[in-house]
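In order, the protein sequence lines correspond to chains A and B.
So that you can map any letter, position 421 of the first sequence is 421 in the UniProt record's numbering, and since no number is skipped, the others follow by simple counting.
So that you can map any letter, position 770 of the second sequence is 770 in the UniProt record's numbering, and since no number is skipped, the others follow by simple counting.
Don't be surprised by glycine CBs; every beta carbon is placed ideally from N, CA and C.
Keep in mind the model is a prediction, meaning the values are calculated, not measured.
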Amino acid sequence: MKNLYRILFTTALCIGLLPACKDTLEPKPVDILTDDVVLNEPADVNNVEIGLYNAFRTIAPATVIAGDATADMLINNGTFTQYQELGTKQITSANASVATLWSSIYQAVYIANFILERLPKVEGVPTSQRDKVMATAHFLRGYAYFIAAYSFGAVPLVTTTAIDDNRNIGRTSRDEILAFVLADYTAALGKLPTKPVNTGFAGEYAVQAALARFHLYQENWADAEKFATQVITSKQYSLDTAFVNVVTRDFPAESILEAAYTLTDDPGTNGNIGLNNLFVGRREIIPSNPTVVALASDESGDRFSSISFNADNLKGNDNGWSVAKYGTADQDNNNVIFFRLGEMYLIRAEARAQQDKVTGDNTAQTDINVLRARAKAPQIGAVTKSQMIQLIENERRYELAFEGHRWYDLVRTGRASAVMAAASPNWQSKYELWPVPQREIQNNPALVGNQNPGY
Amino acid sequence: MRRFLPGIFFILLSSLTLAQGQLVTGLVTSSTETDGLPGVSVVIKGTSDGAITDIEGKFSLQVPPGATLVFSFVGYQTQEIVYAGQTRLNILLLEESTELTEVVVIGYSSVQKRDITGSVATLKADNIKDISITGVDQALQGQVAGVQVVQSSGTPGGGIAVRIRGSTSINASNRPLYIIDGVPVQVGALSQRDFGGQDDNALALIPPGDIESWQLLKDASAKAMYGSRAANGVVLITTKRGRKAKSSITFDIQRGIVDITKKIDLLNSTQLLELQREAVRNAGKNPDGLGLIPGVTDAVNTNWQDAVLRTGIMQQYQMSASGGSDNTTYYLSGSYRDEQGVQLNNRFRRLSGVMNIEQKLNPKLTLGTNLTLARSINNRVKGDNFLDGVYSGAVKSLPYYTPYDENGRIVGPGSALYGGFPNFNPVGQALLPRFDAFTTKILGNVNLRYEFSKELLFRVQAGIDYNGVEEDQYESTQTAIGGVLESVGGKGYGVYSTTTNSSFISNATLSYNKTLNEKHHLSALLGTEIIRTNSRNSSVQGRIFPSDDFTYITSAGIVDQGTSFKAQSGLFSLFGEVKYDYADKYLLTLGMRRDGSSHFGPGNRFGYFPSVSAAWRISEESFFTASPIHEVVNDLKLRISAGLTGNERITNYQFLGTWSAATYNGNSGVSPEKIGNPYLKWESTRELNVGLDVSLLEGRIQLTADGYYNKTSDLLFARPYPSTTGFTSVFDNIAELENKGVELGLTTVNIDKQLKWTTIINLSRNLNKILFLADSIPVYTGYQANGVDGTNVLQVGQPLGTFTGLRFLGVDPGTGNAIYDDVNHDGKITNSDAVVIGNAQPKLIGGITNKFNYGRFDLSVFFQWSLGNKVLNFSKETLVNSGQDIQNNQLVEALRRWQKPGDITDVPRYELSNTYNNLHSSRFLEDGSYLRLKSLSFGYTLPPNLTARLHMERVRVFASATNLWTYTKYSGGDPEVSTLDGSTASQGIDFFTLPQVRTLSVGINAALR
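What follows is the structure in structure tokens.
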């Protein structure tokens, strides 16, 4: 019987430990929130909106790589395979830059969908705030899909947060994606403040600027001109008198929307991409020789300040030039532009030229000359329509260098093959779209056998 | 009750009888203690009268005529003699030639070795003496069947991968559970900053010199008491204890030199220049235009390996005192180890102290404590695949540059004397940065034993394992990070971080022990245990320093990144065990543990881990004892065990879907982190083991053989998700793998005369295979490589550590281009032509130790080998790169390259910027088999007259060497490497990994009189 006592004693000891047991087995996590409590009261709304911008901004540097490195703006100069592939036009579906752009798009889409699904159910949120955040989610999701459509063609159209559905989702045609983009943009139109806190956040004119670009790409020239004009005449934005401000400063006066990367907040412009590390630190990618020639031309004028030269770097394949944009870590100019006024002039110029408003008052010529004047470059005179189209192509190259436009421009105008074949012996027409990342095809059954042609 | 140590008897028996008879004096000696064996108990049988031999091995005692004297001492055979009236007795005690009666601690109880029903291997301190090893895990290398130990590199205090019976997991830890004096200890790296694979190692804090023994629990029966943490095997480590004997003080001193085992053959300036010019010409360019000018470019020829490598000094000092009385035993020890790495500025120092005390408070109650305190100072350097690593920089640096300028100053970034990106002056990278890690370890427990009766014992224990690391780092403006990296600002970069990991354990056990009718032995154990683990860390970084004279963050211009974090996890368990044997002939053990772990969701928080094992001692059967074979085979035991073990070691909170803090544009918010998985549960391994223990010729030959089959299901794995979900992976139980193998351990006493020769051999073979992966998609791991998805792949039917790549078929003699196997016959060489090209798992591993004793001389020779494993020489994709770039030096092998049509060679043509010839292929995979003279030691014990004159008890001098000789076909620095320290899926990759080091040392072991 004595033994029984001992056993009871031990059992009692175990039971005595039970409160400690709960404490031991259910430690409270710190610094994280669980799904069910992240958006269920008014105070949560701003936090989730910031989360959306945090994910969304990665699209900006990823687009810079797509727009400039896929085209003839940049060449590789380092050891990373992904930039070697882009620089030498041997892009594969395993390319890490490709995967980064794809995943940055869908990460932003996830949070936008999360907001669009959950926010209407959160009680006590003021209508104005609810409308603004819903509009933001629509707009940013629309932009993400716009980039997706022009980078990858047909892509999966994810509109919910249902993980199991979105693991096995096929491609939706580019036209349908673009229709969806237009619907999202339209849903946001008129719902955002005309003057956001700063242009790190989307306002009404960011939506209009996005619509101007959308219609330009769609060759709806009149609509493109209309929205560009609305932004230009809004008087919210003005061209910086010195172009160099666009290169060296965050939030220049003409900024409409930019991805904010402050000194204390990811100064490397995203851990995965790190534009200043790529351009200035490691110099993995550097301006190509034709880019240097173009930017150094008289027509380019002050826009030459987008690049810089250091003779110490001159050796081997290295031409010594670097992209000056996105600065260094202690120069607070890491933001990446989504939209700025300069682009609006270029959009309007192209839309006007296509509508045969080539020279004279309120024509392509006047718009281009606004930018030429600011760049202290020679004004353009009388030219034909086709000359003007070519001239605008060049002008976009000078003005929007390293902001991620060149590849998209060459592809949408049908000029990619002609221009790129001259720039690289490896160019093939398949490079007008990026491949669907191999990882996606491997992990999403609905994408198996559905790669872009040629990859 | 014969399971108890004999010594306990004397204390329990307390009848007092008056000593009568003749006074006898005597001397007790042994073959190793020829001058006298102290501490031997001499007892008149049937009484409590007796004596203990003094420090000189002498005793005196009143003995009645005809009485039987019993001489006993731990580790020696007990000897009885009938007293025949002599006044002087000289007794030679024989060492236990068999280890069968030794008591082994298994789980929460102990058992005589001969009664073990599971698979347990023991390593004694004696087997590793003289070998210069840093930590307690390193000691296991090559010593025990079924255990594979790979040192990640030659970095002192660096990472070591220990695998018992293969790898059971992909994502959760594959390291065994280490328990030191009952306290589970932290394993793996402690520091926050990754140094390119050359991590630090928590187990390097524990001095091997204070360890008495290692018990390796290998099968379910032995491990089951550790339930959800046991799947990877358990290593029970016991520190040295005091014994009831006169105090003894010992000194151990060892000093030596440390050198790299091998330098690799690189090109000199002239050879490299010629090669680079050829590569440029082959690309249709003019080499002069790229500045590759003979007589100018190659005017300097620096041997960078010589510039960064040195001969280091290793020194180790230990002093210990131990002893005890009837009621108190103690072991106190202090030691200091200082090992300079072979890389400049790399050094590991450790100061440690051990205090083990046990006090008997009354006949029933005993209180004990074990405490180890250690402090290490680790001066680290960056390694492996870092662009700014030291050894990696040295092998890649172009010989055209110099480490020092004409004024003797280190050449910094931007100087024309060193070309800069992608490589940096490795001498500067070694000498200029400060990467100091200060680690403190407190490992201790207090325990209390209460003996209710002889049958019933209660034991309670509380312990702690505390590890605190402070990392103090500064990279000056003359280094790659501090000077060049623009995101840091180019004006110095400092980091200061702290990490503490502590676990608290508390357990209570009640054990019962009963013998009925001399035949039935029954024992039972019931216990409960709580383990809580806390980790806290913080880090702050500063940039833009005024100058390199200011190296602490207090002087930084910008302090913009700081973190602090805390996490905790817990385990709550109940366990029980029942053992029964009939006359030592039929033995049965049943065990069960119930674990609750905070790592898993509410639905799967608790798990049950049962085990059963049985043994049949054939040698006790009458048919056996009657047969003549019994003369040869003294002990023959067949064992079988089965059970379930688990692996719960994954990151905290994986079952929760979570959002974490995020910032944007000066605002704080939240951002999704991962998808939750409430169904997450343990990995469980079903294990089956069959073994045989044989003892032949009075224990002169002892053989242990085991065969096992282990199947692990519900493998925790970060299942890749398409990004369309918004996430890239989710943790899930989605894979299954198996390990099966055989092991053999053999100890033979070949000669036991004046020359004693003992051989210890172990051999093991383990086959690992992935049986199932959800989605059956190959998952690529390891490094990204040219033209393929990864260097390694997880694929059903293949083992962990499988290498993938293109199949290299040779070099086209016509064009000089590489020929790859177009597996899918699509006319193109793409990533879809990649196939399995080999794996890193060895087919056979083992070790053989030969020990010789002749008079005062002793010699120990220890070979260790690994057969049939492949090593990916990933460095060669830079060092024989076929001209992909001209920024790295090349191996001498590049001289064999194809140069003109008709050349038959295995090294493709060099052409600048051509990546095709440098695609990741089987060209870079090599046989990593090796045979290594792991250690060699030779000792001499001074004769007693000399020892006495030195006022010493015993003095032994020795010389020893480690890694003295290696046979391998591997062309890189060393076949024993793993750049991804601790990785299972991507093991065996050599990516500028520092080769192992060779140590030559001399030392003294002395015992004070």
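ask   = Are the beta-carbon atoms belonging to proline 287 of chain A and leucine 74 of chain A less than 8 Å from one another?
value = As a first step, residue 287 of chain A must be located in the first sequence, where it is residue number 287. As a first step, residue 74 of chain A must be located in the first sequence, where it is residue number 74. Taking 8 Å as the Cβ cut-off, proline 287 of chain A and leucine 74 of chain A qualify as a contacting pair.
message = When you compare the CB of aspartate 405 of chain B with every CB in chain A, is at least one pair closer than 8 Å?
response = Here residue 405 of chain B refers to the residue found at position 405 when the second sequence is read from its first residue. No, aspartate 405 of chain B lies away from the interface with chain A (no Cβ there is under 8 Å from its Cβ).
query = leucine 33 of chain A: which of B:Ile837, B:Tyr178 and B:Ile675 sits nearest, CA to CA?
reply = What you label residue 33 of chain A is simply residue 33 of the first sequence in a count that begins at 1. With distances taken between Cα atoms, leucine 33 of chain A lies closest to B:Ile675.
task = Indicate the three-state DSSP secondary structure (helix, strand or coil) for isoleucine 347 of chain A in the structure shown.
result = As a first step, residue 347 of chain A is located in the first sequence; it is residue number 347 there, counting from the start. Note: isoleucine 347 of chain A maps to helix in three-state DSSP.
inquiry  = Check whether the segment 923-942 of chain B and the segment 958-969 of chain B touch, using three or more Cβ-Cβ pairs below 8 Å as the test.
reply    = In short, these stretches touch, since the Cβ pair count reaches three.
query = Is there at least one Cβ from chain A nearer than 8 Å to aspartate 584 of chain B's Cβ?
reply = Here residue 584 of chain B refers to the residue found at position 584 of the second sequence. Answer no: the Cβ-Cβ gap between aspartate 584 of chain B and chain A never drops below 8 Å.
query = Thinking C-beta only, is leucine 715 of chain B closer than 8 Å to leucine 737 of chain B?
reply = Reading the second sequence from its first residue, position 737 is the one you call residue 737 of chain B. Reading the second sequence from its first residue, position 715 is the one you call residue 715 of chain B. Yes, the Cβ-Cβ distance between leucine 737 of chain B and leucine 715 of chain B is below 8 Å.
ask   = Mind listing which residues of the segment 143-170 of chain A have their C-beta closer than 8 Å to chain B's C-betas, in chain order?
value = Pro156, Val158, Thr161, Ile163, Asn166, Arg167 and Ile169
query = If you measure from the beta carbon of alanine 662 of chain B to each beta carbon in chain A, is any gap under 8 Å?
reply = Within the second sequence, the letter at position 662 stands for residue 662 of chain B. So, interface residue.
task = Measure the CB-CB distance between glutamine 801 of chain B and histidine 920 of chain B and report whether it falls below 8 Å.
result = For the purposes of this step, residue 801 of chain B is identified with residue 801 of the second sequence, where counting begins at 1. For the purposes of this step, residue 920 of chain B is identified with residue 920 of the second sequence, where counting begins at 1. In the sequence as displayed, the identity of residue 801 of chain B is glycine instead of glutamine. No, the Cβ-Cβ distance between glycine 801 of chain B and histidine 920 of chain B is not below 8 Å.
inquiry  = Using a Cβ-based criterion (distance less than 7 Å to any ligand heavy atom), does glycine 883 of chain B qualify as near the ligand FAD?
reply    = The ligand FAD is not part of the structure shown, which contains no ligands of any sort.
query = phenylalanine 863 of chain B bridges to which residues according to DSSP?
reply = Numbered from 1 along the second sequence, position 863 holds the residue referred to as residue 863 of chain B. DSSP, once it has assigned bridges, lists B:Ile848 and B:Leu933 as partnering phenylalanine 863 of chain B.
query = How would you list, in chain order, the residues of chain A whose beta-carbon sits under 9 Å from the beta-carbon of proline 672 of chain B?
reply = Within the second sequence, the letter at position 672 stands for residue 672 of chain B. Those within 9 Å of proline 672 of chain B in chain A are Asp35, Val38, Gly51, Ala55, Gln107, Tyr110, Ile111 and Phe114.
ask   = Looking at C-alpha atoms only, which residue of B:Gln305, B:Gly576, B:Glu471 and B:Phe727 is the closest neighbour of alanine 552 of chain B?
value = Counting from 1 along the second sequence, the entry for residue 552 of chain B is found at position 552. The sequence as given places tyrosine at residue 552 of chain B; alanine does not occur at that position. Residue B:Glu471 is the option with its Cα nearest to tyrosine 552 of chain B.
message = Three or more C-beta pairs under 8 Å: does that hold for the segment 902-915 of chain B against the segment 258-273 of chain B?
response = The segment 902-915 of chain B is not in contact with the segment 258-273 of chain B.
inquiry  = Using the Cβ count rule (16 or more neighbours within 10 Å means buried), how would you classify valine 82 of chain B?
reply    = Residue mapping note: residue 82 of chain B aligns to position 82 of the second sequence, counting from 1. By the 10 Å Cβ count, valine 82 of chain B comes out exposed.
key: Whole-Å CB distance - serine 511 of chain B paired with leucine 525 of chain B, under 8 Å assumed   = The count along the second sequence starts at 1 and reaches residue 511 of chain B at position 511. The count along the second sequence starts at 1 and reaches residue 525 of chain B at position 525. Contact flag correct, Cβ pair sits at about 4 Å.
Member of A:Thr241, A:Asp318, A:Ala259 and A:Gly274 whose CA lies at the smallest distance from the CA of alanine 253 of chain A = Here residue 253 of chain A refers to the residue found at position 253 when the first sequence is read from its first residue. Minimum Cα distance to alanine 253 of chain A is reached at A:Thr241.
inquiry  = Only counting the same chain, and skipping five residues up and downstream in sequence, which positions put a Cβ closer than 6 Å to that of phenylalanine 458 of chain B?
reply    = Start at 1 with the first residue of the second sequence, and residue 458 of chain B comes out as number 458. Around phenylalanine 458 of chain B: Tyr450 and Leu510.
request  = Could you spell out where the beta strand (DSSP E) holding proline 610 of chain B opens and where it closes?
outcome  = Taking the first residue of the second sequence as position 1, residue 610 of chain B is located at position 610. Counting along the chain, the beta strand (DSSP E) containing proline 610 of chain B begins and ends at 606-617.
query = Does the segment 91-101 of chain A come within contact of the segment 301-314 of chain A, defined as at least 3 CB pairs closer than 8 Å?
reply = no
key: phenylalanine 992 of chain B, buried or exposed, once every other Cβ within 10 Å from all chains shown has been counted against 16   = As a working note, residue 992 of chain B is residue 992 in the second sequence. The residue is buried, with at least 16 neighbouring Cβ atoms inside 10 Å.
query = Can you give the Cα-Cα distance for tyrosine 721 of chain B and valine 150 of chain B, rounded to whole angstroms?
reply = Translated into the one-based positions of the second sequence, residue 721 of chain B becomes position 721. Translated into the one-based positions of the second sequence, residue 150 of chain B becomes position 150. So the two alpha carbons sit approximately 33 Å from each other.
query = Sorted by chain position, which residues of the same chain lie with C-beta nearer than 6 Å to serine 97 of chain B's C-beta, five sequence neighbours on each side aside?
reply = By one-based count along the second sequence, residue 97 of chain B stands at place 97. Note that serine 97 of chain B scores a pLDDT of 48, beneath 50, so its modelled location is shaky and nothing firm can be said.
task = With DSSP collapsed to three states, give me the class of residue 477 of chain A.
result = Residue numbering for chain A in the displayed model covers 1 to 455; residue 477 of chain A lies beyond these limits and cannot be assessed.
ask   = Starting from aspartate 409 of chain A and walking both ways along the alpha helix (DSSP H), at which residues does that stretch end?
value = In the first sequence, counting from the first residue as 1, residue 409 of chain A sits at position 409. Element bounds for aspartate 409 of chain A: 406-412.
inquiry  = For asparagine 270 of chain A and arginine 536 of chain B, what's the separation of their Cα atoms in angstroms?
reply    = Position 270 of the first sequence holds residue 270 of chain A. Position 536 of the second sequence holds residue 536 of chain B. Only weak support exists for where asparagine 270 of chain A lies, its pLDDT of 49 falling under 50; the coordinates are left without a value.
inquiry  = Within 8 Å of any Cβ in chain A, is that where the Cβ of threonine 725 of chain B sits?
reply    = Locating residue 725 of chain B in the second sequence gives position 725, counting from the first residue. Threonine 725 of chain B counts as touching chain A.
ask   = Does the segment 156-172 of chain B touch the segment 727-747 of chain B, meaning 3 or more C-beta pairs lie closer than 8 Å?
value = Yes, the segment 727-747 of chain B touches the segment 156-172 of chain B.
ask   = If you run the structure through DSSP and keep just helix, strand and coil, what is alanine 187 of chain A?
value = As a working note, residue 187 of chain A is residue 187 in the first sequence. DSSP places alanine 187 of chain A in the helix class (H, G or I) of the three-state scheme.
inquiry  = According to DSSP, is lysine 121 of chain A part of a helix, a strand, or is it coil?
reply    = Taking the first sequence and counting its residues from 1, the one referred to as residue 121 of chain A is at position 121. If DSSP states are grouped into helix, strand and coil, lysine 121 of chain A belongs with the helices.
query = What three-state label does DSSP hand alanine 648 of chain B in the structure shown?
reply = The count along the second sequence starts at 1 and reaches residue 648 of chain B at position 648. The sequence given here places glutamate at residue 648 of chain B; alanine does not occur at that position. In this structure, glutamate 648 of chain B counts as coil in the three-state DSSP scheme.
ask   = For a contact meaning CB atoms closer than 9 Å, what does phenylalanine 251 of chain B contact in chain A?
value = Mapped onto the second sequence, residue 251 of chain B falls at position 251. The premise fails here: phenylalanine 251 of chain B is roughly 44 Å from chain A at the closest Cβ pair, so nothing lies under 9 Å.
task = Measure the alpha-carbon distance for aspartate 137 of chain B versus phenylalanine 195 of chain B and round it to whole angstroms.
result = The count along the second sequence starts at 1 and reaches residue 137 of chain B at position 137. The count along the second sequence starts at 1 and reaches residue 195 of chain B at position 195. Taking the straight line from one Cα to the other gives about 21 Å.
Residues near serine 913 of chain B in its chain [Cβ-Cβ closer than 8 Å; skip 5 each side] = Here residue 913 of chain B corresponds to residue number 913 of the second sequence, with the count starting at 1. If we look at serine 913 of chain B and ignore the five residues flanking it on each side, its Cβ neighbours are Ala283, Gly883, Gln884 and Asp885.
query = Can you tell me the Cα-Cα spacing of arginine 896 of chain B and asparagine 426 of chain A, whole angstroms?
reply = Position 896 of the second sequence, counting from 1, holds the residue named residue 896 of chain B. Position 426 of the first sequence, counting from 1, holds the residue named residue 426 of chain A. The alpha-carbon atoms of arginine 896 of chain B and asparagine 426 of chain A are separated by roughly 30 Å.
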